[in-house]
Each structure stands twice: as structure tokens, then as C-alpha cells.
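In UniProt numbering, the protein residues as written are 1 to 127.
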């Protein structure tokens with residue numbers, strides 16, 4: 001008998017729980033905080049690295065409050081809000097779209113390589 005939580009709790013979103021929750025801070029319009037449910041360091045670090053590529057982002061950090069809690073908190077600070085500059089929410093959305101296109105390109109390249117390998121009639125060997 002174990003007191004460990006069920007493994008499905010780490011990936012299955014419960015009824016009534018939003019995948020992404022945005023917390024507004026009226027005092028600091030250049031800051032945004034996102035609570036992302038049922039994800040871990042894999043997505044947290046990907047989003048952090050993608051957001052750091054944005055010239056309009058000053059700071060990005062994420063934390064997982066507790067190992068048994070299956071969400072992370074992502075904080076984004078953009079540069080001064082000016083005409084034509086992205087705010088933290090827009091930078092977050094852009095980072096997600098950029099990651100989606102990166103993964104689509106990766107999928108396309110992997111399929112092409114698998115097709116090339118299959119056409120060579122070379123058996124796959126595990127070591």
C-alpha cells in the first residue's frame with residue numbers, strides 16, 4: 001500500500017480546471033503571471049527559453065510550487081509598454097505559436113528522414 005498519488009493525476013485535467021490561468025497585476029502592467037496545469041519542467045523550460053529569445057522580454061522565470069502539485073507558475077516581464085511593442089501576454093502567445101511552428105518543422109523533417117531510411121531497406125537494429 002502506498003500513499004503516492006495516482007499517476008494519471010499528473011496528466012489528466014480535472015473537470016472545471018482551466019489549462020492556463022492568467023493572473024493580472026493592475027499595479028505592474030509589464031508583468032504577467034500564468035498558472036499552467038498538468039505540465040512540468042519540460043514545457044516550463046521550453047516556454048522560458050522561447051520567451052527569452054524575444055527582444056521585448058526583460059525577465060522570464062517559472063517555478064513548480066511542490067513536486068506533488070502538477071502545475072507550474074510562469075512569470076513574464078516585458079519592456080515598457082509602448083506603441084507597437086508587445087506586452088507580456090502577447091509575448092507569451094507569440095512564444096507558443098513559435099514553438100508550435102518549430103515542432104511542426106521538426107515533425108516534417110523526422111518524417112522525411114524516416115522515409116529515406118525506409119527506402120534504403122536497411123533493417124532497424126537495437127543495441
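Here a beta-carbon is modelled for each residue, glycine too, at the ideal position from N, C-alpha and C.
Which of the three DSSP states, helix, strand or coil, is assigned to residue i?
i, result
"residue 52", "helix"
"residue 82", "coil"
"residue 113", "helix"
"residue 32", "strand"
"residue 94", "helix"
"residue 100", "helix"
"residue 63", "strand"
"residue 89", "helix"
"residue 71", "strand"
"residue 9", "helix"
"residue 21", "strand"
Take the Cβ of residue i as the centre, count every other Cβ of all protein chains shown within 10 Å, and call the residue buried at 16 or more, exposed below.
i, result
"residue 136", "Residue 136 is absent from the structure shown; the chain starts at 1 and stops at 127."
"residue 2", "exposed"
"residue 67", "exposed"
"residue 57", "buried"
"residue 39", "buried"
"residue 72", "buried"
"residue 113", "exposed"
"residue 95", "buried"
"residue 62", "buried"
"residue 51", "buried"
"residue 92", "buried"
"residue 116", "exposed"
"residue 60", "buried"
"residue 54", "buried"
Within this structure, are the beta carbons of residue i and residue j separated by less than 8 angstroms?
i, j, result
"residue 76", "residue 118", "no"
"residue 34", "residue 26", "no"
"residue 10", "residue 70", "yes"
"residue 99", "residue 46", "yes"
"residue 88", "residue 78", "yes"
How many whole angstroms separate the CB atoms of residue i and residue j, which I take to be in contact at a CB cut-off of 8 angstroms?
i, j, result
"residue 44", "residue 74", "7 angstroms"
Measuring from the CB of residue i, is there a heavy atom of the ligand GTP at a distance below 7 angstroms?
i, result
"residue 74", "The ligand GTP is absent from the structure shown, which contains no ligands of any kind."
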